[in-house]
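To get our numbering, take the position in the sequence shown, counting from 1, and add 919.
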Amino acid sequence: MSEQKNSSPTLFKRSRTVLKDILENEDAFAYEGKDVTVCGWMQTMRKQGEKMAFVELNDGSCPGNLQVLVQKGEDEEKNQKVEGVFAKGGTGVSCKVNGKIVKSVAKGQAIELKAESVTILGGVDAATYPIPKKKLTLEYMRENQNWRIRTRTMRAVQNIRNQCAWATHSFFQGHGFKYVHTPLLTGADCEGAGEMFSVTNLIKEGSKISDIPVVMDAEKKTDKIDYSKDFFGKPVSLTVSGQLNVETYACAFSDVYTFGPTFRAEKSKTTRHLAEFWMIEPEIAFATLEDDMALAEDYVKYCVQSVLTKCANDVQLLTDYHQREFAQAKKRGKVAKDALAPSKLKDSLQVLLGKPYKRLTYTEAIAILEKEIAEYRAIVITEEEAKKMKAKDLKKKTKGCVSAA
920 MSEQKNSSPT
930 LFKRSRTVLK
940 DILENEDAFA
950 YEGKDVTVCG
960 WMQTMRKQGE
970 KMAFVELNDG
980 SCPGNLQVLV
990 QKGEDEEKNQ
1000 KVEGVFAKGG
1010 TGVSCKVNGK
1020 IVKSVAKGQA
1030 IELKAESVTI
1040 LGGVDAATYP
1050 IPKKKLTLEY
1060 MRENQNWRIR
1070 TRTMRAVQNI
1080 RNQCAWATHS
1090 FFQGHGFKYV
1100 HTPLLTGADC
1110 EGAGEMFSVT
1120 NLIKEGSKIS
1130 DIPVVMDAEK
1140 KTDKIDYSKD
1150 FFGKPVSLTV
1160 SGQLNVETYA
1170 CAFSDVYTFG
1180 PTFRAEKSKT
1190 TRHLAEFWMI
1200 EPEIAFATLE
1210 DDMALAEDYV
1220 KYCVQSVLTK
1230 CANDVQLLTD
1240 YHQREFAQAK
1250 KRGKVAKDAL
1260 APSKLKDSLQ
1270 VLLGKPYKRL
1280 TYTEAIAILE
1290 KEIAEYRAIV
1300 ITEEEAKKMK
1310 AKDLKKKTKG
1320 CVSAA
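This is how it looks when you write it as structure tokens:
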């Protein structure tokens, strides 16, 4: 699976050095002594008196921050070039820094940038800025969704998601699959996969019930919405799956895949239900079930390996975050005393690469589940039964393992 080489001249060239090139270079001191221009957002700023400041700068290209040393001296003309840091610097402020990469004399980083000039590009009101430099909970981040991507945690999540998306296209394109854009608006309920979100222009902001056109339902003898007056002239929903559409392309191209957003309207607030998510759906013609399983296993391993190779620092950052959150929750008594700390995410991902995946028939899978239920390691209950049972009793009876029917 080789990448396409572009023979035409490259016009785009950044006028700045990307921090990833500096901080994640195989040679940690490759940029030492070089003059560079970098841009980014201040993560933290620490002043030492009125003439020295240390800034942690990040431009989103990597998890790590570049330490910027800003100093004033006797030359007033040079001092004016860095004055903006002392006057307007702080967490969230965007800036452009020109300076020289030098070896750091302090612990924590191999190199740092000694600033010669700093230009403030975007200021921040520290009193109202919602992402302070202190560590934030996931709950707080959810309440500030348009700001949360500025946190290291959410940047790590997005970096991994970006890498998985790249790996998805790289894998299937490398195997000769065609990428198909299936429609998001559809009149079909693909395989009855789930509740669907309706799309209509019959109801607008400020509409009254009396404004909705209706027609008599001959069978039920009641009124129903007259979708012939709607935009498409019939009921339309957001798609729950692109599979139905991509199957038609498989009958022309043999091997195809669709990768895009799908929507489910099940009203559930658990972590296992999403209203919107991206789904990969390949279709292969002239293939066996064994071929299908082999493709799925190869794809999962390809994505995992891609993440471990390209996003190792992000994986470690998320491990540190979850372990820190667990330790704090345990200290507050929010988790059981004998609960085990989260394992390293890298180790969990490595497990997916180590051995061939076990393959079972449905009959074998049912037999395993029945054994687990018989030995009280799992229990199948309805939602109504679950509501009636107290959580501690349910956990005790099932030894912590619960499956809802």
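Glycine residues also receive a C-beta, built at the ideal position from the N, C-alpha and C atoms.
Asked	Found
Spatial distance of V1321 from E1291 (CA atoms)	Confidence at V1321 is low in this model, with a pLDDT of 48, below 50, so the placement of that residue should be treated as unreliable; the coordinate-derived value is given next. So the two alpha carbons sit approximately 11 Å from each other.
Length of the line joining the Cα atoms of F1196 and P1051	29 Å
At least 3 beta-carbon pairs within less than 8 Å: the segment 947 to 959 vs the segment 1020 to 1035	yes
Sequence-distant residues of its chain with Cβ nearer than 7 Å to L1055 (five each side left out)	T1070
Per-residue burial, Q1077 [other beta carbons within 10 Å of its own, 16 or more giving buried]	exposed
Contact between the segment 971 to 983 and the segment 928 to 939 (3+ Cβ pairs under 8 Å)	yes
Uninterrupted alpha helix (DSSP H) stretches inside the segment 1016 to 1091 (no shorter than 4 residues)	1057 to 1062
Contact belief for V1037 with V989 at Cβ below 8 Å, rounded distance in angstroms	6 Å
Where S1262 falls, given that 16 or more other Cβ within 10 Å makes a residue buried	exposed
Segment limits, beta strand (DSSP E) that includes L930	No beta strand (DSSP E) contains L930, which DSSP labels as neither H nor E.
Reduced DSSP secondary structure (H/G/I, E/B, other) of R1278	coil
Spatially closest choice to Q986 from V1021, V1001, G992 and V1012, by CA coordinates	V1021
Terminal residues of the beta strand (DSSP E) in which M1212 lies	That residue, M1212, is in no beta strand (DSSP E); its alpha helix (DSSP H) goes L1208 to K1229.
Rounded Cβ spacing between S1156 and C1109 (contact assumed at less than 8 Å)	Contact flag wrong, Cβ pair sits at about 10 Å.
Bounding residues of the alpha helix (DSSP H) (the contiguous stretch that carries A1006)	E995 to K1007
Integer Cβ distance of V1223 from L1268, believed to fall under 8 Å	5 Å
Where the beta strand (DSSP E) through C1170 begins and ends	Not the beta strand (DSSP E): C1170 falls in the alpha helix (DSSP H), residues Q1162 to F1172.
V1270, enclosing alpha helix (DSSP H) - first and last residue	L1264 to G1273
Cβ shell of N1081 (< 7 Å), same chain only, five flanking positions each side left out	none
Which residues DSSP lists as bridging P1180, in chain order	W1197
Buried/exposed call for I1285, threshold 16 Cβ in 10 Å	exposed
Neighbourhood of V1016 by C-beta distance below 6 Å, restricted to the same chain and skipping five residues each side	V957, V987, A1034 and V1037
Span of the alpha helix (DSSP H) around K939	L938 to L942
G1111 (DSSP reduced to helix, strand or coil)	helix
DSSP beta-bridge partners of K1127	None; K1127 has no bridge partner.
E1202 in three-state terms, based on DSSP	strand
Same chain, Cβ closer than 6 Å to K932, five either side skipped, listed in chain order	none
From I1068, K1143 and K1127, residue whose alpha carbon lies closest to that of V1133	K1143
Test item: CB-CB of D1233 and I1079 under 8 Å	yes
Straight-line Cα distance separating Q1064 from A1323	Confidence at A1323 is low in this model, with a pLDDT of 48, below 50, so its placement is unreliable and the value that follows should be read with caution. Cα to Cα, the separation comes out at about 31 Å.
8 Å CB neighbourhood of E951 in its chain, flanking five on each side removed	I1020, V1021, K1022 and I1030
A1204 versus M1212 - alpha carbon distance	14 Å
According to DSSP, residues forming a beta bridge with A1248	The partner list for A1248 (beta bridge, DSSP) is empty, contrary to what the question assumes.
Limits of the unbroken beta strand (DSSP E) element including E975	M971 to N977
Selection from K1277, S1225, K1256 and A1297 that minimises the alpha carbon distance to C1083	S1225
Distance between beta carbons of G1179 and H1100, contact taken as under 8 Å	7 Å
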